[in-house]
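Enquirer:
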Amino acid sequence: MKFFKVACGATAAIFGAAAMFGCGSDSGGGTTVTPAPPPPAVTSPGSGLFAVDCARQLAYVPLDTLDGGGNGQVAVINLAVDPDTTDPRVTIVHLTHPDIPTGTALDNNDSQIIVVSGQTSGQDGKVDLIDENTNSLVAGSPFAFPKGAQAGYFGQVLYNPKTHQAVVGTCDSGSCSSGNALTGFALFDPVAHTFGAVIPANYAETFALNSTTNTVIDASDDDNTGQIGAVDIAGTRACTLSDTNIDSDNDGSSFDSTTNIVVVSNESTNATVINLKGSSYSPAAGTPCTLDEGGTPPNSVLVTKLPNSTAGSAVDPSTHQAFLISDGGNGVALLQLPKTAVTQIQPANITSESSALPNDPLGVTWGTQGDPYAVAVAACKKIPPSGFAVNYNFTFLAEVNLADFKNNAAGISTPPPPGNCAGTTTTVTKCDNGSGVTFFPLPGVK
Numbered sequence: 013m014k015f016f017k018v019a020c021g022a023t024a025a026i027f028g029a030a031a032m033f034g035c036g037s038d039s040g041g042g043t044t045v046t047p048a049p050p051p052p053a054v055t056s057p058g059s060g061l062f063a064v065d066c067a068r069q070l071a072y073v074p075l076d077t078l079d080g081g082g083n084g085q086v087a088v089i090n091l092a093v094d095p096d097t098t099d100p101r102v103t104i105v106h107l108t109h110p111d112i113p114t115g116t117a118l119d120n121n122d123s124q125i126i127v128v129s130g131q132t133s134g135q136d137g138k139v140d141l142i143d144e145n146t147n148s149l150v151a152g153s154p155f156a157f158p159k160g161a162q163a164g165y166f167g168q169v170l171y172n173p174k175t176h177q178a179v180v181g182t183c184d185s186g187s188c189s190s191g192n193a194l195t196g197f198a199l200f201d202p203v204a205h206t207f208g209a210v211i212p213a214n215y216a217e218t219f220a221l222n223s224t225t226n227t228v229i230d231a232s233d234d235d236n237t238g239q240i241g242a243v244d245i246a247g248t249r250a251c252t253l254s255d256t257n258i259d260s261d262n263d264g265s266s267f268d269s270t271t272n273i274v275v276v277s278n279e280s281t282n283a284t285v286i287n288l289k290g291s292s293y294s295p296a297a298g299t300p301c302t303l304d305e306g307g308t309p310p311n312s313v314l315v316t317k318l319p320n321s322t323a324g325s326a327v328d329p330s331t332h333q334a335f336l337i338s339d340g341g342n343g344v345a346l347l348q349l350p351k352t353a354v355t356q357i358q359p360a361n362i363t364s365e366s367s368a369l370p371n372d373p374l375g376v377t378w379g380t381q382g383d384p385y386a387v388a389v390a391a392c393k394k395i396p397p398s399g400f401a402v403n404y405n406f407t408f409l410a411e412v413n414l415a416d417f418k419n420n421a422a423g424i425s426t427p428p429p430p431g432n433c434a435g436t437t438t439t440v441t442k443c444d445n446g447s448g449v450t451f452f453p454l455p456g457v458k
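In this text, residue positions in the sequence shown follow the working numbering: the first is 13, and each later residue adds one.
#1: Bridge partners for C251 per DSSP, in chain order?
#2: Measure from the alpha carbon of L221 to the alpha carbon of each residue in V64, F452, E411, A326, then state which is nearest.
#3: Can you find a C-beta in chain B that's less than 8 Å from the C-beta of S232?
#4: Per DSSP, Q162 is paired with what?
#5: Take the Cβ of N145 as the centre, count every other Cβ of all protein chains shown within 10 Å, and call the residue buried at 16 or more, exposed below.
#6: Given a cut-off of 8 Å, decide if A178 and F200 are closer than it, judged by their beta-carbon atoms.
#7: Check for me: the alpha helix (DSSP H) holding K442 runs from which residue to which?
#8: Relative to the alpha-carbon of S364, which residue among T281, G435, N287 has its alpha-carbon at the smallest distance?
#9: State buried or exposed for V203, treating a residue as buried only when at least 16 other CB atoms are found within 10 Å of its CB.
#10: Does the separation of the CB atoms of T426 and P373 fall below 8 Å?
#11: Skipping 5 residues on each side, what residues in its chain have a beta carbon closer than 8 Å to that of L149?
#12: Classify K442 as buried or exposed, calling it buried when 16 or more other Cβ atoms lie within 10 Å of its own Cβ.
#13: If you follow the beta strand (DSSP E) that L61 is part of, which residue opens it and which one closes it?
#14: Helix, strand or coil for N361? Go by DSSP, reduced to three states.
#15: Could you tell me how far apart the beta carbons of S269 and P329 are, in whole angstroms, since I believe they sit closer than 8 Å?
#16: Would you say L336 and V285 are within 8 Å of each other, going by their C-beta atoms?
#17: Taking 6 Å as the limit between beta carbons, can you name the residues of its chain near S447, skipping five residues before and five after?
#18: From F197 to T256, what distance separates their C-alpha atoms?
#19: Report yes or no: do the region 426 to 438 and the region 110 to 121 share at least 3 C-beta pairs separated by less than 8 Å?
#20: Under 6 Å Cβ to Cβ from F16, same chain only, skipping five residues before and after it: list those, please.
#21: Would you check if the distance between the CB atom of I125 and the CB atom of T114 is smaller than 8 Å?
#22: Residues in the same chain with beta-carbon distance under 8 Å from G42, minus the five sequence neighbours each way, listed in chain order, please.
#23: What is the DSSP secondary structure of L336, reduced to helix, strand or coil?
#24: Just to confirm before moving on: does the CB-CB distance between E217 and D184 stay below 8 Å?
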């Protein structure tokens, strides 16, 4: 969605982010063996509204309304239960200030959920930390953004488990526009509760982080056609990546850090898959600068025939699959990316499937929350993992089994059968459609 240097104001839009790693147990010889806790994730799938912790099988979903005291809220959802029989709503974490969260991230080194908010003109942003052991706010929350900066309308956050730092999108508190020294990205230490200096860059609608190369790829309405922002976090500088396959409205970006491939959705019927293996910054230091692709440019593939307004995306690094959603619509897409790093990416390296989410258990046509995008990928119960999305009216979190999606894309749109969805009183269908989609009620469902 295109916005140009719009002053930030109150909005009911919200969320997204995810972490991913396998969960479960193995058995053999009659003895059940419980595996060690999964290591910190080595990749960040893409930024968004809500966070998923597969070690605990919980989703942390910001809500689009303030509580009775006028404060922001984050719902905690149990993904381990069958929502046809058990209400998955664990609790609501109430913030202590009147801001609606726009982004969350899992700090799986410290068992914390990082929540960013602040989109009121003239006021600075805030970071809240949720202790996953207690589902309560960490003492001292909220922590202030750099003076004069806020999260803004799209504000996002991603955590790098290798550096133990979070990357936070910022904008100038007065105008939330690009071209300002306080608009860009800043590092936040979730243990020391301190911010580093802002790296000036375009204001990102979403952004992707390669935790290995410490490179951010933005998706900004201020990027020119054929270009996208590339931020050298270690070098504290914003550069430009040029590629003729990047469309005019790149809205969602997500990284497969294991192969150095980034998926950029263009809020259209296409997405650009960019191969950054062999890429390098030029010059090695200073600005202006560029991130130059390796191989023969454009080292990318434009994937077409996707659902209308395909926007947000998230990538699983174990299966190398990207789950994409439509902005405000029911369209979903699944891309199979190369499973190993390639020197030059080709159309034959990528396959795609498209489908649509069915009506929710209330019978309401599904429309995924956009701006910020409510999309994630996580392997909580099964491998391959699941894609997750939240609808625009914040009544349901949808889980899409990506194995079912790949094997039978048409089945994804199957309506849930007659029955009841636990924790609701007005539904006439089950939560599970039996073909790969499960709906988890949010607190907005009565």
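Don't be surprised by glycine CBs; every beta carbon is placed ideally from N, CA and C.
None of the values given here were measured: they were computed from a predicted structure.
Expert: Working from what's here:
#1: A242
#2: A326
#3: Checking the listed chains, one finds no chain B in this structure; it contains a single protein chain.
#4: C183
#5: exposed
#6: yes
#7: Per DSSP, K442 belongs to no alpha helix (DSSP H) and is neither H nor E.
#8: T281
#9: exposed
#10: no
#11: V105, L107, T108, D140, L141, I142, D143
#12: buried
#13: Taken as a continuous stretch (DSSP letters only), L61 belongs to no beta strand (DSSP E), as it is neither H nor E.
#14: helix
#15: 6 Å
#16: no
#17: G423, T426
#18: 25 Å
#19: no
#20: For F16, the pLDDT reaches just 31, beneath the cut-off of 50, and the residue's location in the model is therefore unreliable, although a value from the coordinates is still provided. No residues qualify anywhere along the chain.
#21: no
#22: With a pLDDT of 41 at G42, under the threshold of 50, the predicted position of this residue should be treated as unreliable, and no value is reported.
#23: strand
#24: no
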